[in-house]
Structures are given as C-alpha cells and as structure tokens.
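J.: I am attaching a structure below and will ask some questions about it afterwards.
10 protein chains.
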Amino acid sequence: MPRPELLETFPNPNAGRDYEIRMICPEFTSLCPLGGVESDAEELRALQGGAPDFGTIEVTYVPGERCLELKGLKLYLWSFRNDGIFYERAVNRILDDLVAACAPRWMEVVGDFNVRGGIKSVITARAGSRQG
Amino acid sequence: MPRPELLETFPNPNAGRDYEIRMICPEFTSLCPLGGVESDAEELRALQGGAPDFGTIEVTYVPGERCLELKGLKLYLWSFRNDGIFYERAVNRILDDLVAACAPRWMEVVGDFNVRGGIKSVITARAGSRQG
Amino acid sequence: MPRPELLETFPNPNAGRDYEIRMICPEFTSLCPLGGVESDAEELRALQGGAPDFGTIEVTYVPGERCLELKGLKLYLWSFRNDGIFYERAVNRILDDLVAACAPRWMEVVGDFNVRGGIKSVITARAGSRQG
Amino acid sequence: MPRPELLETFPNPNAGRDYEIRMICPEFTSLCPLGGVESDAEELRALQGGAPDFGTIEVTYVPGERCLELKGLKLYLWSFRNDGIFYERAVNRILDDLVAACAPRWMEVVGDFNVRGGIKSVITARAGSRQG
Amino acid sequence: MPRPELLETFPNPNAGRDYEIRMICPEFTSLCPLGGVESDAEELRALQGGAPDFGTIEVTYVPGERCLELKGLKLYLWSFRNDGIFYERAVNRILDDLVAACAPRWMEVVGDFNVRGGIKSVITARAGSRQG
Amino acid sequence: MPRPELLETFPNPNAGRDYEIRMICPEFTSLCPLGGVESDAEELRALQGGAPDFGTIEVTYVPGERCLELKGLKLYLWSFRNDGIFYERAVNRILDDLVAACAPRWMEVVGDFNVRGGIKSVITARAGSRQG
Amino acid sequence: MPRPELLETFPNPNAGRDYEIRMICPEFTSLCPLGGVESDAEELRALQGGAPDFGTIEVTYVPGERCLELKGLKLYLWSFRNDGIFYERAVNRILDDLVAACAPRWMEVVGDFNVRGGIKSVITARAGSRQG
Amino acid sequence: MPRPELLETFPNPNAGRDYEIRMICPEFTSLCPLGGVESDAEELRALQGGAPDFGTIEVTYVPGERCLELKGLKLYLWSFRNDGIFYERAVNRILDDLVAACAPRWMEVVGDFNVRGGIKSVITARAGSRQG
Amino acid sequence: MPRPELLETFPNPNAGRDYEIRMICPEFTSLCPLGGVESDAEELRALQGGAPDFGTIEVTYVPGERCLELKGLKLYLWSFRNDGIFYERAVNRILDDLVAACAPRWMEVVGDFNVRGGIKSVITARAGSRQG
Amino acid sequence: MPRPELLETFPNPNAGRDYEIRMICPEFTSLCPLGGVESDAEELRALQGGAPDFGTIEVTYVPGERCLELKGLKLYLWSFRNDGIFYERAVNRILDDLVAACAPRWMEVVGDFNVRGGIKSVITARAGSRQG
C-alpha cells in the first residue's frame, strides 16, 4: 500500500504569488495487479501480484500555504514499488494524496507509462482551478 | 470485419473527476481496399483485398462510468489486420465503436498512417465535448 | 500549368461529423519563375523557366460532402513539376484548386520550401472557418 | 510459409564494380509462434498462431551478377504476414532466401523488432565476405 | 539473490552460421547496497538494502548451440528487483550467468545506469572472442 | 547572498512598443542548503552549505522604461555560486530582484534544475500582466 | 548603417485573403557595439566597433497590398554585416524598416542570437493586429 | 539523358596534400523508368517515363589535379530531372561521370532515396583507393 | 587546489576480466584563470581568479586491482569549483590523479567544455594501452 | 587577407603525453570570391568580393611543444570576415597557418559550410600522422 504519511511539506516561501512547481520523476515503478508471475522462486515473491510496470510521474502545482518536500515525495513514490495497482487508480491516488498533503491552489499529475502489449498509456488528472 | 465485441470495460475508479486517458498503439495494420495484389500465392490470399497499410492509432478520452480495458482494445485493433478499409472510414469506425463500448464524456481518435505514394495521412475525429 | 482536373473526390463516409484530414506531401517540386538556367543543353529545356524549387505541401481540412482522393492529389501536385511559379502564388493556387474540388468546411495549405539564397520560406493560407 | 518464389532479380548494371545496395523495410510484420490468441472470433483466425510481431528488416548487399527487384522483395516480405515464426529463424530464413535468389558477393540482414515483454530484439546475420 | 535457474534456452536454429542477437532491456531495477532508507514504514521493507537503481541492460551475443529464451531472461532480470548490488558486480554477474546458461561463442553485457549523485555510469563486460 | 546591486540597466530603445526579450542562462549554479558536505578539506569550505545544484535560468520580459544589461545579469547570477538556497526561493528571489531593477511591464522567470534524488524540478514565477 | 532602400516589394497575388508568409534567415551577423577589438591589423578594421554577433532573423507577416521580395530582404540583412548594433535595437529596427517597406496587416520579427557570455538572447517584436 | 558535359573543374589549390571534399545535394530528383503515369494531361508529358523519385546524392572525394566546380555539379544533377533511370544505374552513372570529369584519387557516391512501396534504398559506389 | 586525497577506491570485483567502466559527470565547473571579475562585491570573492567555466567530464577505464568509488570521484570533481585552471591542464591533472588513485589498465578522460568566445573545446587524454 | 600573426601559443602543459584538443568554431564567415553583389550601397562595399559564406571550422590536434591560445584563434578566424576565398583554399590555408604557428604532432581542420545553390560542402584536411 502507498504510504502518504511519508510526504512532508514546508511553508511556501512566496505564498503571496501564484507560481508553478513541476517535479518530474522518471523512475516510478509498481506492479501490474493482473497476471501474477508463475514462479516459486523466493526472489520473485514480491512479484506475485504481477509483472513490473515502469513510468514517469510528473507533478505540476501552484502551491498554497505549503510546498511538497522533494525527499518525502521520493520516498512516497518508492512505496508503490512492490504494490499491485492499475494505471488509472495510481494516478488518481497520487493526486489525492498530494492534494491532501499540501492543499495546492491547482495540481496536475501525469503518469506516462511504458508500452505494455504494444500499447503506451498516459493518464492525466487535475484538481483545483487555474488562472492564466 | 472489425469486431467491437472484443472490447471490454471496467468501472471508472474515479468517475467523480474529469481526467484523461491516452492510449498510443503504434502497431496498427490493415489492408488497402484498392489495388489487390496480383498473385496466386496461397500465402498472399489474405492480401487480395490490397496492400498492407501501417499506422499509429492514438485514443484519448475522458471516461464516464467505464474505462476501456487495454487487452480488449489490443484484440479489437488486431481484428483490422486482414481487413480492407480506407483511412477515413477506419478512424471514424474506431471512434464509433469505442464510444459505443464505454460512453466517454469526450473522446478523440487519431490515425497517423505511413507514407503511401509519397503522401502521409493523419486523420483526427472527436466525439462529445470537453472543458478546459 | 497546374491541372486541377486531375483531382478526384469520393463521398465523405462520415459527413455528419466534423473531423480533420491532414495530408503531408514532402516531395513537391516546381521551378523558380526567375533567373532561367543559361544553357542550351536539350535536357535542361524544362528548366528554362528557372532553377528547381523543393518543398513540403501540407493540406489539412474538415471535409464537407466529399473527400480528396490521395492518388488524384498526388498527380495534381506532380503537375507543378516543370512549371515556373512563385511560392506565394503556388500555395494560394493549391488552396483555391482544392477548395473548388471538394468544398471543405475548412482548409489550410502550408508550403514549407527549402532554403534559397540563405532564406527559408513557409507560406500558410486558409479558407472557411473552424470550430474548436 | 514465406514464398521465396516471389523474389525477382534483374542483371546487375555494373557487375564489374563492387558496390553496395541497402534496402530498409520498416513495415515487416509476422506472428509470434507462441501463445495463440484465445478467441473464437472468426476475424482473429489468422492470429491463432500467436500475437502479431512488428519490426524493420534491413538488407545490405554487394550484388554479383544479379540485383534484387524491389517489388518482388516487398511481396516476399508480405508473405510472412500471417505466419508464425521466431525472430532468429525469420532473419536467417530471409538471408538464406535472398542469397539463393541473387547470389550476392556479400549480404547482411538485420531484423530490428519492437519491444515484447519489455525487451527489444535485434538479430543480424551475414553471408559471404567483404573487402574494405 | 539473482536466480539464474530462471533462464531458459532453446536450440540455435542456425548453429552453422555466426550471427548476432541483441536484447535491449530498458526496465532493469535493483537496489543500491549502500545507504539503506531510514524509515520504519512496512512498505519500504524491501528498500532497506538501499535506494532503488534504474538502468538498461543490453545483451549482445553470437549463439553457440543454444539461444536464450526471451521470457526466461525477463524473469531472471526481474529477480534483481529487490536485491542490493553494485553496478560493477551486477554487470559481471549477469554476464557470468548468461554465459553459463547458453555457452555463446561471444557475449557482451552493457549496463547503462541512471544518474546518481550527478554522475551517470555505464559498465561493459565481454566474454569469448569475436571475428569480423 | 545574491547581490542585486550588480544588475545594470539601459534605456529601452523602443519603449513605445510592447516587445519581448528572452535571456537563457544555462550555467546557473548554487548550493543546496541541506546536507553539508562532510569534509575538512579546505577546498570544500565553500561547499559546507551543501552539495552543488545546477540549472538553467530563463528570463522573459516585456521591458518598461529600462532594459536589463546582459553583463550585469551575468554577474548577478554568478553571485549565487557559493550560496545555499532552495529552488523555490531562488526563482522567486531572482524575479523580485529583476523586477526591482528594471520595472518591466511583465516578467517570467523559469528555473529548470538538474535531477536530484531521481527527480527533476522546474519552477516558474511571473509578475505583471501581459496582453496577447 | 542598415540600408532599407535595398528592400523591394511585389504586388500581393492574393490580397483578398489573409495568409501568412514566414521567412527564416539563419545567417544574420552584425557587430557588438561594445568592446572594440584591440588590434591594429588592417583586416580587423571592420571589427573596431566590436566582436561579431551571429543569429537567426525570422520574419512572419500577413501581407497587405505588397509582399517582400526575397532578394531585397537578403541584401538588406547583409547590410548589417559590419555595423555595431545592440540586439534590442536591431530587431526593432528591422521591424520598422520592413513595415515601412510593405505595410503588412500584421508582422512579427524574432531575433534569436547565439550565446554571448554564457547567455542566449531572443528578442520578439510585433506590429499590427492579427485575427485567428 | 544526363549531360556530363555540364560538369566543370578548376585546378586543385593543394594538389600536394591528400584532403577530402564532400558535397551533399539533398534535392536530387529523377523519374522511375517503370510504370509510366497513365494520363493524357499535357503537363504530365514529362512524367510519361514514370513517377518522380527523390533523394540525396552525397559525393565525397580526394581530388587529384582538379576539383569539381559546384555550379557545374548542380546543373549536371538537374539534368536527371526528367529522365527515367533506376537507382543502381543512377549512382554508378554519376560516379563514372564525375571520375571522368576530375580524375580524383578516390571518390564515393551515395544515393539515399525516399521510400517507395514501403522500402527505402541507399546505394553506395566507390572508385580509386584511399589511405587512412 | 584539487584534492586527490578525496578519491576512494574499492577492490575490483572481477579483476580476472578486462571490462570497462564509464562515468559521465555533466556538472563540472571551475574558474578561468584569466580575466578576473572586476568587482569588489564580497560574494564574488571566489570568482576573482576569473569567470566560471562549465563542462562535462567523462572518465572511461579498464580497472586493475581497484575501482574508483563514485562518491569520492564526485567530491574530488567538486574540489575544482573555486579553482582557476586551464582546460588542458584540468583534463591532464584529472587523468594523473585518477591513475595514481586506482592504477587502471587503461584510462581515458574527456573534458567537453561549454562555448567561450564563440568556441567550444573538447580535450581528450589517455593513459595505459588497451586491447580490442 | 587572413592574418596568421594574430595566432598566439602557450607552452604545452603535458608535452610528454600525446593528447587531443578539439576546438569547434560555429561562427566562421567569409565572402564568396565569385559573383560580387551588384549594388552601389556604401554599406555593401565590403561585400563587393561576393556573397557571405557561413560555416563551422573544427580544429583537432595533438599538440607538440606549444598549444594554440583560444583568443588568438578567435581573432585569426575573424580576419576572414571580409575576405573573398573559396572553401577548399580556406580550409587548407587555415591548416597551414595553424601548423606553422604551433607545430602540432597531428592536426585536422574540417570546414562544414552552409548550403549554397542547394549543395552543402564539407572540406577536411590533415597534417602529420597519428597513432591509435
């Protein structure tokens, strides 16, 4: 299970101005919740939920009172590593967790996942509204 | 004939939020309905409808109550493999079939086809309306 | 002289929906109407109107009742091969001829021509109006 | 089964000189001989040998007395379309068939296949010897 | 621990000819054996050996009597997922395991790892000798 | 501490027209204010505030009465070299200092920083409003 | 001094339609008006105004009654070759001269100059208004 | 018919040193000698030998006593414009004509032709021998 | 002064095999030893040796008994940050220091430095000899 | 006339080791000695030798006792600015002048010139011999 409690925040140094922060995390990996690997190798235990998925998570937001701390975001994304989760659910879950952690004025999460079965998937979800 | 009954859907895990799903399928192939191959080789039987066409199909949509399942989309696109169909008709047909299968709030289908006769074709069709 | 009578059309298979067709033709060539080649070589007869020009013609349109047939477009563009014509006139002429042939709801023609005298030219003309 | 009898040749116009011909065919497709598609859809009959594979075949050779005709090569490569064949066998088979057809002084066939299961494969086979 | 017993092979379909097989695996991940993550989150248990590393493993070989089966290679590389191992050791280990599994005439393994601490690492090891 | 007094300006040669000036500075470096380098090497004294950060600063503005002089901007950006500062604060600080120096009609500062801990950051802040 | 009298125009062949002409001139060079080269070499006489600057000038416009002739534009841009001029002034000067020469409905001039002192500059100025 | 008499040469300014000259001509066009266009349009007369072919001709040589003049090479390549000729013959013919014109110590001609029937062709021929 | 004592090594895990390690460090910065910045700003003290230089250092080697530890290499390269040193001397110095630290069988150091005065410099030095 | 007396050198800091220095100068410009510009504009006086040529000069060498100083190389290349000279002669002249100035063990000069008349030219000349 993803652990949003790993997220940490710090006070926005310029809360009086709307500005944008983009964090691009090209090393996201989780497991496909379907088609568990058929193997009794102890080392593949973690994969029994399914084959590994890889992708890039891109978070863009206009901070409110608090900003996301980079190290906490890194640990939070690592916590999906051995978790079985669908793309759609992962992107919406990340958006919900990050919004809950830092209450941004606007936030967008894009999950750009590697080809599976000859098809590449990109999921984009947004919260809040944005001017300009 | 394309077989839309191969498409499968699953419940949208975040139906309360408008978000976007893009699926990029670079391995689409069908046959040109004109100019059948003149050959009596048994192996080219499937090509008698015409020369092979190749392209990328890119589907972007805002899901409603249901999402398209990746495996079903893959099988559905494979079902064009030995079918003779014009580009314009193929893209509109895919849009119609996918809309019928999952009733999205908005959907766009782009067919980006390889050069034929020195000319490259890109067809884009949309259904529904989209905010923002 | 360009020969618009080479253009052919077929009925729009989805006239009930506004969709977009883009055709990219990277092998356009005509002759510069200035500065004829000074040579009495019989083989350069065709060039006496001037030096060859090369470019890409990109046609994008929303079809009305009829679509442009690819083979006819190819032959039509070939008919500029030994013709002396300025860039501005060529692009506007192609737009006029294609609009006359298929009466689109909207059409754009872009001529992207190779460097001449250290300067690259791109001409864009449009007809009709477009939503969204 | 691939049909090498579709290959045609013409006399090398410069057999007195060693020169190189490279033909790049980015639209190769065959079927994976493993894991047939589980479906009773009549349209997927052709796929019962397995999922479609896609790749680029690049043939480079120094012709001997005869050159490969482009149209015949195209038809020959099309004849793999509904055939189940492994990558290694396909590349070696193409090399054998082309060598038998035109007896080149040297030939190389490279098959560069799309990602399957997160792994991309490139197979290279050569026949004859080459100077310089 | 990596599990080389997951590797599988099949008879080389053209053992009489030296040819080359290249398999590019852009989704390799393991753990850094240094600097374990300081966290008591149960979900990060697997990371206690250290932070995740990401890279591409490229295997090129001239097969002897047997070829590496793609699915087994994929499972074998997955077995590094939750293992702490240095880059140098990982690349040499993969080379040793693959050579033991299929006894190639020549083999090269390249590990191209993502930036860590502002430095990117690429490790290349080879076994056997190669002509031409 | 950054030294805005190094900035210099010159009269806008076309103050009667709104036009845009973009200055791209790919050689920005500062220090991370966290995790000072543990070393008693005298040469690393300057790094005791933390590890070096690298990035590109892109300033775009519509000048008012005065334009920023290039040499002063260069010296001002150099003055961050041995300073410990967070990304968010750096970008907002640069925007504030440049606005104070030249009173533009509109200004945007983008800081595009190199990967740290597997995550790339891009911060964008704007001041003033812009037409068209 | 730049010589706008070198500019020539011809009648717009389609003055009844708003269309766009873009001319990209990647071989612009002038001299920096600061920091004259300290040398008594006769050959560097022309550089005494300062070091050479290099850039690309991109002119985009919607013609009115007349179009800019390519050869005249080339000669006009060449006339900056041994002139000392600041970037901001050069771009605004070119815009003014071209507008005076052909009275376009709308025009944009972009000067994209090479890195100087580690900073790249792009200046954009526009005249007139544009629809769509 | 190509007209080699259009080629002109000038004395090699450094005949005492082996050095290399490469001339890249991306605007080569000729006609395919097969499949004449079926049309009675007078403007397509020139195409009755077949459809237009497009490609890049790259000439690299070590000059002997004389160098090829650029303008003559340009006119010579233009003389293929309305000629029907196969790729293999065109490249060997160009090599023969250029060698006859300037007697280089070594010369290579590469013809890199656009995709036809889904296949791209590159032909390379050389004359003379080269050190280092 | 650079501090080679910051370099650390670890035993080569495969000293019985010649293999290659490449480390690419795109964040190298030092100071130009010429043309000190004329400024009495305390913050620019570190720059009094001259303007900042930026570049990428790429180290490739075949390890002997010991390998270079990544963290030590990073600290060693950081120790050039406020040092005035010419490109040629920096690259040769790095090669000497690294060879002294780990006694490789072969090593190459490439310094690829950013444009200064319109000229880009790349310096390459090697030590030891290499097979194959 | 080019002024080689502007070149300056400094003692090679590592004359005991063969290493390589590459200097890439993308801002070379001279004049074509043919086809003077027909204009009586005083500002085009400098162009009466012909139209401007642009290119990149890339110098690679293994220094002997002395290295080329960057600033002198820059001034030397600037001295071609208003000089009419053919490509072949320019590259050989630069090689001769640089060899005379610094007596390298080996040197290569590449002149990569922009397209003229639809043809791009690259001239490469070398002096001395090189190992490895």
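Protein chains in written order, with our numbering: chain R, 329 to 460; chain D, 329 to 460; chain B, 329 to 460; chain W, 329 to 460; chain H, 329 to 460; chain V, 329 to 460; chain Y, 329 to 460; chain L, 329 to 460; chain Z, 329 to 460; chain G, 329 to 460.
Even for Gly, the Cβ is constructed at its ideal location relative to N, Cα and C.
Computed from a predicted structure; not experimentally measured.
Helix, strand or coil for A379/Y? Go by DSSP, reduced to three states.
T.: coil
J.: With a threshold of 16 other CB atoms inside 10 Å of the CB of R454/R, please say whether the residue is buried or exposed.
T.: buried
J.: Around the C-beta of E333/Y, are 16 or more other C-beta atoms found within 10 angstroms, so that it is buried, or is it exposed?
T.: exposed
J.: Using the beta-carbon of each residue, which ones in chain C are nearer than 9 Å to C353/H?
T.: Absent from the structure is chain C; the protein chains it does hold are R, D, B, W, H, V, Y, L, Z and G.
J.: D425/R and P330/R look like a contact to me (Cβ under 8 Å); what is the Cβ gap, rounded to whole Å?
T.: The beta-carbon separation of D425/R and P330/R, rounded to 7 Å, stays under the 8 Å limit for a contact.
J.: In chain order, what residues of the stretch 400-419 of chain D put their CB closer than 9 Å to some CB of chain B?
T.: F414, Y415, E416, R417 and V419
J.: So Y291/Z is in the beta strand (DSSP E); what residue range does that whole segment cover?
T.: Residue 291/Z is absent from the structure shown; chain Z starts at 329 and stops at 460.
J.: Can you list, in chain order, the residues of the stretch 377-397 of chain R whose Cβ is nearer than 7 Å to any Cβ on chain V?
T.: C395
J.: Along the chain, where does the beta strand (DSSP E) containing D424/W start, and where does it finish?
T.: From DSSP, D424/W is part of no beta strand (DSSP E) but of the alpha helix (DSSP H) over Y415 to C430.
J.: P339/B: buried (16+ other C-beta within 10 angstroms of its C-beta) or exposed?
T.: exposed
J.: What span of residues does the alpha helix (DSSP H) with G400/W cover, start to end?
T.: Note, G400/W: alpha helix (DSSP H), L398 to W406.
J.: Exposed or buried, which one is R421/R when buried takes at least 16 other CB atoms within 10 Å?
T.: buried
J.: Name the one or two DSSP bridge partners that V390/G has.
T.: DSSP output for V390/G lists W434/G as bridge partner(s).
J.: If we cut at 9 Å on Cβ distances, does I349/D have a partner in chain R?
T.: yes
J.: Measuring alpha carbon to alpha carbon, tell me which of F356/Y, G446/Y, Y415/Y and P432/Y ends up nearest P380/G.
T.: F356/Y
J.: Who are the Cβ neighbours of Y347/L in its own chain at under 8 Å, not counting the five residues just before and after it?
T.: V390 and P391
J.: Determine, for I422/G, whether the minimum Cβ-Cβ distance to residues of chain L falls below 9 Å.
T.: Not closer than 9 Å to any Cβ of chain L, the Cβ of I422/G fails to qualify, so no.
J.: Note down the Cα distance separating N410/H from F414/R, rounded to an integer number of angstroms.
T.: 21 Å
J.: Residues of chain G with a CB under 7 Å from the CB of V443/B: which are they?
T.: V443
J.: I need the straight-line Cα distance from G412/R to L405/R, nearest angstrom please.
T.: 13 Å
J.: Please confirm whether V419/Z and I385/Z have their CB atoms less than 9 Å apart.
T.: Yes, these two residues count as a Cβ contact at 9 Å.
J.: Using a Cβ-Cβ cutoff of less than 7 Å, which residues in the same chain neighbour G383/W once the five nearest sequence positions on both sides are dropped?
T.: F356, G439, D440, F441 and N442
J.: What separation, rounded to the nearest whole angstrom, lies between the Cα atoms of P361/B and R417/B?
T.: Going from the Cα of P361/B to the Cα of R417/B covers about 11 Å.
J.: In terms of residues, what are the limits of the beta strand (DSSP E) holding G445/H?
T.: That residue, G445/H, is in no beta strand (DSSP E); it is neither H nor E in DSSP.
J.: First and last residue of the beta strand (DSSP E) that includes P330/V?
T.: Segment: none, P330/V is in no beta strand (DSSP E) and carries neither H nor E.
J.: With a CB to CB cut of under 8 Å and the five nearest residues on each side skipped, what residues in its chain are close to P432/Y?
T.: Y389, V390, P391, G392, L426, A455 and G456
J.: Taking all protein chains shown into account, decide if A428/R is buried (16 or more other Cβ within 10 angstroms of its Cβ) or exposed.
T.: exposed
J.: If you drop the 5 nearest sequence neighbours on each side, which residues of the same chain put their C-beta closer than 6 Å to that of R350/D?
T.: T388
J.: Please go through the same chain and pick out, in chain order, the residues whose beta-carbon is closer than 6 Å to the beta-carbon of C430/V, but skip the five residues on each side of it.
T.: T337, R394 and L396
J.: Could you tell me the alpha carbon to alpha carbon distance between L423/H and R458/D, rounded to whole angstroms?
T.: 52 Å
J.: Just the chain G side, please: which residues come within less than 9 Å of A453/Z by C-beta, in chain order?
T.: N342, R345, D346, Y347 and E348
J.: At which residues does the beta strand (DSSP E) containing P339/R begin and terminate?
T.: T337 to P339
J.: Considering only DSSP beta bridges, list what A455/V is partnered with.
T.: M435/V
J.: Please tell me whether L398/Z and S407/H are closer than 9 Å, where the distance is taken between their beta carbons.
T.: no
J.: What residues from chain Y crowd round T357/G, counting only those whose CB sits closer than 9 Å?
T.: E355, T357, P380, F382 and R409
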